Amino acid sequence: MVANLIEFVSNHYLLVSIFLVLLVLLAVTEARKGGKSLSNRELTNLVNRDEGVVLDVRAKKEFDAGHIVDALNIPHEKLVSRLGELEKHKAKMIVVVDAMGQHAGTACRELQKAGFTAAKLSGGISSWRGENLPVVK
1 MVANLIEFVS NHYLLVSIFL VLLVLLAVTE ARKGGKSLSN RELTNLVNRD
51 EGVVLDVRAK KEFDAGHIVD ALNIPHEKLV SRLGELEKHK AKMIVVVDAM
101 GQHAGTACRE LQKAGFTAAK LSGGISSWRG ENLPVVK
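Numbering (full-length UniProt numbering), first residue to last: 1 to 137.
1. Would you identify the three-state DSSP class for lysine 61, choosing helix, strand or coil?
2. Is DSSP giving lysine 120 helix, strand or coil here?
3. In terms of residue numbering, what span does the beta strand (DSSP E) encompassing glycine 52 cover?
4. To the nearest angstrom, how far is the alpha carbon of valine 47 from that of alanine 59?
5. Helix, strand or coil for histidine 12, going by three-state DSSP, please let me know.
6. For valine 80 and cysteine 108, what's the separation of their Cα atoms in angstroms?
7. Within 10 angstroms of its Cβ, does phenylalanine 116 collect 16 or more other Cβ (buried), or is it exposed?
8. Quick check on DSSP: helix, strand or coil for valine 95?
9. With 16 as the cutoff for other CB atoms within 10 Å, does leucine 111 come out buried or exposed?
10. Going straight from the alpha carbon of leucine 22 to that of histidine 67, what length do you get?
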């Protein structure tokens, strides 16, 4: 089997090289997305153990239409200027929630730069609602 793999690589070195480059690029892209992703279950466990705080980075109007219980709301475009509001939660993990995950990675990176421990909710609030988990208005 190993002999077949070596033969394939030597016969198709260009194809294998392209595959490896794409694999590295994928790994770099995933690493830059802003840290760890948490499932809905992991988020629930973290909050129930009082080890995490939910930060919803959607616009106020979207937040008011329904959000995770006890979530804080700081729209993603105002996050850097309002980091001081999160100082009292610095000992806990900040779990960033957005609509579908499009801004959570950027917000996590900003939080990590400021010295916070941050993760994002995989799939955002749409994933949370998709599993029929509670939201409040």
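For glycine and all other residues, C-beta sits at the position ideal for the given N, C-alpha and C. Please read all numbers here as calculations on a predicted model, not as lab measurements.
Based on what the coordinates show:
1. helix
2. strand
3. 52 to 56
4. 22 Å
5. coil
6. 11 Å
7. buried
8. strand
9. buried
10. Near 37 Å, if we compare the C-alpha coordinates of histidine 67 and leucine 22.
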